[in-house]
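All remarks here apply to the structure that follows.
In the numbering used here, the protein residues as written are 31 to 191.
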């Protein structure tokens with residue numbers, strides 16, 4: 031009887047996984063950079079590049095979740111660059127409170143061609159955030175984010191119109 035109960039519980043778990051919601055992730059590919067920059071539409075935006083296998087990113091992503099919870103009008107786009115399963119990405123986003131954020135992922139290698147399109151001098155280190163001001167000027171910040179500075183760039187930058 032215990033075997034059948036265990037088999038039933040396992041079968042229900044597998045069925046639940048099979049019908050679970052698909053991750054809310056959009057594909058990022060070559061040629062998308064200019065479209066993302068245009069979404070700023072004269073409003074400051076942060077585009078954050080991160081990876082599931084990046085220890086600093088694992089530490090920082092919950093801080094991004096807290097920032098967006100406090101600053102709901104801040105315009106932030108997340109792009110996951112590791113070649114991992116979407117479920118791994120979604121698990122990390124859920125844990126950070128970013129499951130409903132504007133999330134993209136790179137399918138395949140995050141190669142020179144993709145990085146060059148974003149910033150010809152960037153080698154693809156993560157975490158990296160590119161801040162685009164209301165005039166469309168981009169500034170790259172590699173490493174952990176200073177969220178007070180981010181608040182000034184995104185929120186105060188919007189108010190100075």
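Each residue gets a CB set at the ideal place from its N, CA and C atoms; glycine is no exception.
Rounded separation between residue 140 and residue 112 - CA only: 7 Å
Residue 16 in three-state terms, based on DSSP: Outside the shown range of the chain (31 to 191) lies residue 16, about which nothing can therefore be said.
Member of 103, 118, 60, 72 whose CA lies at the smallest distance from the CA of residue 80: 118
At least 3 beta-carbon pairs within less than 8 Å: the stretch 120 to 131 vs the stretch 58 to 67: no
Per-residue burial, residue 44 [other beta carbons within 10 Å of its own, 16 or more giving buried]: Note that residue 44 has pLDDT 40, beneath the 50 cutoff, so the model's placement of it is unreliable and the number below is only indicative. So residue 44 ends up on the exposed side.
Residue 155 versus 163, 145, 161, residue with shortest Cα-Cα distance: 145
Beta-carbon contacts of residue 172 that lie in its chain and below 7 Å, excluding the five residues immediately before and after: 155, 158
beta-carbon residue 86 near the ligand PLP non-hydrogen atom, thresh 8 Å: No copy of the ligand PLP appears in this structure; indeed no ligand is present at all.
Element boundaries [beta strand (DSSP E), containing residue 171]: 168 to 172
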